[in-house]
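Accompanying notes for the structure given below.
Numbering (full-length UniProt numbering), first residue to last: 1 to 207.
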């Protein structure tokens, strides 16, 4: 990924009016990441919408019984299939912490040979939802059942991935560029795998 100084770092929207909800959103970013993410400037126009989406994601992940590793596989696979650099870098790093740099980079590249059959079924399901949800087949669902998920968990996992795709779509459509910190915090193999989407911001995001 190369730095492109012609694009605004925080996207196409004007700055959101200040207020307690905006400050809370930014404070949450600072507490979790140490800086305010570029994409949060778009969500600052409706902080309650991001909070509601985050709550639904947590509930769907809990209902599906997803481990942190499984969430990493699902998000990395869906984000890379969609071409979203934000979540690919963020969750690629998290997946690398859980499963190793090689596995994380492979999932981002769409290479599943090194994955266990259960993880492979999750990655393929996530990519299918991102690319062509109408192209799912009974075989896809049977693979998820073979991975140990019951039908209620499959539904909840599908909701989780669909919500992640929605989040990525908003971020990408509104022009937010990946934070420099997202790039520098990711392992080299993850950075090399993320060759798509908007190029990183020209300067680090402020705290």
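Glycine residues also receive a C-beta, built at the ideal position from the N, C-alpha and C atoms. These figures come from a predicted structure and were not determined experimentally.
Cβ-based neighbour list, residue i, same chain, cut-off 7 Å, excluding 5 preceding and 5 following
{"i": "residue 34", "result": "207"}
{"i": "residue 119", "result": "73"}
{"i": "residue 64", "result": "153, 156, 157 and 160"}
{"i": "residue 177", "result": "7, 9, 38, 198, 199, 200 and 201"}
{"i": "residue 19", "result": "none"}
{"i": "residue 68", "result": "98"}
Spatial neighbours of residue i in its chain, beta-carbon cut-off 6 Å, leaving aside the 5 residues before and after
{"i": "residue 196", "result": "83"}
{"i": "residue 187", "result": "96 and 101"}
{"i": "residue 105", "result": "189, 190 and 193"}
{"i": "residue 130", "result": "78, 81, 82 and 165"}
{"i": "residue 2", "result": "Below a pLDDT of 50, predicted positions are generally treated as unreliable, and residue 2, at 47, falls in that range; no measurement from the model is reported."}
{"i": "residue 172", "result": "84"}
{"i": "residue 5", "result": "Because residue 5 sits at a pLDDT of 48, beneath the cut-off of 50, its placement in the model cannot be relied upon, and the following sentence gives the value as read from the coordinates. 202, listed in sequence order."}
Residue i, enclosing alpha helix (DSSP H) - first and last residue
{"i": "residue 112", "result": "Segment: none, residue 112 is in no alpha helix (DSSP H) and carries neither H nor E."}
{"i": "residue 30", "result": "20 to 33"}
{"i": "residue 54", "result": "47 to 64"}
{"i": "residue 71", "result": "68 to 82"}
{"i": "residue 85", "result": "85 to 99"}
{"i": "residue 194", "result": "That residue, residue 194, is in no alpha helix (DSSP H); it is neither H nor E in DSSP."}
{"i": "residue 42", "result": "38 to 43"}
Chain-order list of residues whose beta-carbon lies under 8 Å from that of residue i (same chain, five-residue window excluded)
{"i": "residue 203", "result": "9 and 180"}
{"i": "residue 122", "result": "70, 73, 74, 77, 144, 147 and 157"}
Proximity below 8 Å, CB of residue i to CB of residue j
{"i": "residue 13", "j": "residue 42", "result": "yes"}
{"i": "residue 174", "j": "residue 11", "result": "yes"}
{"i": "residue 168", "j": "residue 86", "result": "yes"}
{"i": "residue 38", "j": "residue 152", "result": "no"}
{"i": "residue 62", "j": "residue 16", "result": "no"}
{"i": "residue 51", "j": "residue 159", "result": "no"}
{"i": "residue 22", "j": "residue 30", "result": "no"}
{"i": "residue 127", "j": "residue 140", "result": "no"}
So, do the stretch 108 to 128 and the stretch 73 to 83 have three or more beta carbon pairs nearer to each other than 8 Å?
Touching, yes, given that three or more Cβ pairs across the two stretches are closer than 8 Å.
Tell me the start and end of each unbroken alpha helix (DSSP H) in the stretch 122 to 184 that is at least 4 residues and wholly inside, in chain order.
Runs of the alpha helix (DSSP H) lying entirely within the stretch 122 to 184, each at least 4 residues long, are 138 to 146 and 151 to 173 in chain order.
Using 8 Å as the Cβ pair cut-off and three pairs as the minimum, do the stretch 22 to 34 and the stretch 152 to 169 touch?
Result no; under three Cβ-Cβ pairs closer than 8 Å.
Between the stretch 54 to 62 and the stretch 84 to 95, can you find at least three pairs of beta-carbon atoms closer than 8 Å?
The stretch 84 to 95 is not in contact with the stretch 54 to 62.
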